[in-house]
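As structure tokens, the structure follows; a few thoughts come after it.
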Amino acid sequence: MTAIGLACLSAFLFGAMSVGLRIGLNLHPDVELATVATVGGAFAVALVAAVAEAPSRGVHGAAAWPFLLAGLMQPGIGQLLVTIAIREAGASRASIVLGSAPLAAVTFALIFLGEPARWPLILGAVLIVGGGIELARDRGRPAHVRRRGYVLAFIVTILFSARDNLTRWLSGTTPVPSAVAAAATLAGGMLFILVVLGPRVRGRLALRPMLPFLGVGVVFGLSYVSLFEAFYRGRVTVVSPIIATESLWGVALSILLLRHTELIGRRVLIGAALIVAGGVLIGVYSG
């Protein structure tokens, strides 16, 4: 599969993860337990992918330590903030703000990685970010939506952007295969989460409340493996804006599954259209 196809798959899965997290939090509103279970499930998926990849690409585990450190930032800090943001702002609106990540990611790539500044890629990123802004301006948001969820989601976009550029930079210099890199990053995130949240959730660990979030973690893990493979094959300026179409999938799946609580209005649909236009533009002109 091409970098664009992998990026599209990762975006869909990440949008599904956001909606799944919201549904799980409606059933069990425990952010700390949700974070532990989600990252744990994702780590298990990445380990399976790494084992499956090993016969053809090797492991090179000793060289994977930069990815382990990157995981402390994202999904370590980042996934905790994502879970809180989805609880505070809802799945669709949190995904919207997360969709602004390409602006920072493309800027970092142009400045630090020397990637070419082709106008269709820049315009596509701007359209996607503009769609996110339009969605965020929606005045028909439910009463339970809190603005601090937007702030937390925006902080996560910076972590996403730093991770994206670091992954792309490392992919050109490391012998570590993509699935092993994804597993190492998730291991770093899991380590951070266990150190920070482990003592707090130890007494609440039980299969029944964790089960929905473990399922969400499987989706998250597949998204992460697809994401890393995409960055190993394509530039940040191409992959990251396509990943941001997670906003579209978050909105679409929220309409299907959470329409009574998410209240999707006109601005949401306009923003979704801008996101689609940006993704199409990038897809056409990225070759």
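Counted the way this note's numbering counts, the sequence shown spans residues -18 to 268. By construction, the Cβ of each residue, glycine as well, lies at the ideal position given by its N, Cα and C atoms.
Determine, using beta carbons only, whether residue i and residue j come nearer to each other than 8 Å.
i, j, result
"V59", "F141", "Before going further, note that residue 59 is Gly rather than Val in the sequence given. Contact flag set, yes."
"A31", "V161", "yes"
"V12", "A90", "no"
"A(-12)", "V257", "no"
"A164", "L28", "yes"
"L229", "P101", "no"
"I174", "T16", "yes"
"A45", "V200", "no"
"F24", "A168", "yes"
"L238", "V0", "yes"
"R269", "R240", "What the structure shows of the chain is the stretch from -18 to 268, and residue 269 is not part of that stretch, so it cannot be assessed."
Going by DSSP, what residue range makes up the alpha helix (DSSP H) through residue i?
i, result
"P222", "V217 to I224"
"G179", "S159 to V182"
"T19", "V12 to R38"
"A44", "Here A44 belongs to no alpha helix (DSSP H), and DSSP marks it neither H nor E."
"V199", "L188 to R214"
"V132", "R128 to S152"
"F68", "Before going on, a small fix: residue 68 reads as Arg here, not Phe. Segment G59 to A70, the alpha helix (DSSP H) holding R68."
"R3", "A(-16) to L8"
"G231", "E227 to L238"
From this set, the options, which residue's C-alpha is nearest residue i's C-alpha?
i, options, result
"Y205", "G170, R68, P47 and V110", "G170"
"H9", "R68, V29, V87 and V257", "R68"
"G252", "P158, A98 and I109", "I109"
"R129", "G71, G95 and C(-11)", "G71"
"T166", "F93, G202, A187 and L262", "G202"
"G198", "V257, L175, G(-14) and A18", "A18"
"A225", "G21, V63, P56 and G80", "G80"
"A254", "A143, V126 and G111", "G111"
"G95", "N146, I263, G(-14) and L14", "N146"
"V107", "A85, A25 and T16", "A85"
"F(-5)", "L178, E227 and L172", "E227"
"S159", "I114, I139, A35 and G21", "A35"
"V177", "L53, E115 and S37", "L53"
Under 7 Å from any heavy atom of the ligand FAD, does the C-beta of residue i make it?
i, result
"R38", "Absence of the ligand FAD from the depicted structure is noted, as is the absence of any ligand whatsoever, leaving it without description."
Taking three-plus beta-carbon pairs below 8 Å as touching, is the region 203 to 215 in contact with the region 136 to 153? yes
Does the contact criterion of 3 or more C-beta pairs under 8 Å hold for the region 1 to 17 versus the region 177 to 197? yes
If contact is defined by three or more beta carbon pairs under 8 Å, each pair taking one atom from either stretch, is the region 64 to 78 in contact with the region 131 to 139? Counting C-beta pairs with one atom in each stretch, the region 131 to 139 and the region 64 to 78 have three or more that are closer than 8 Å, which means they touch.
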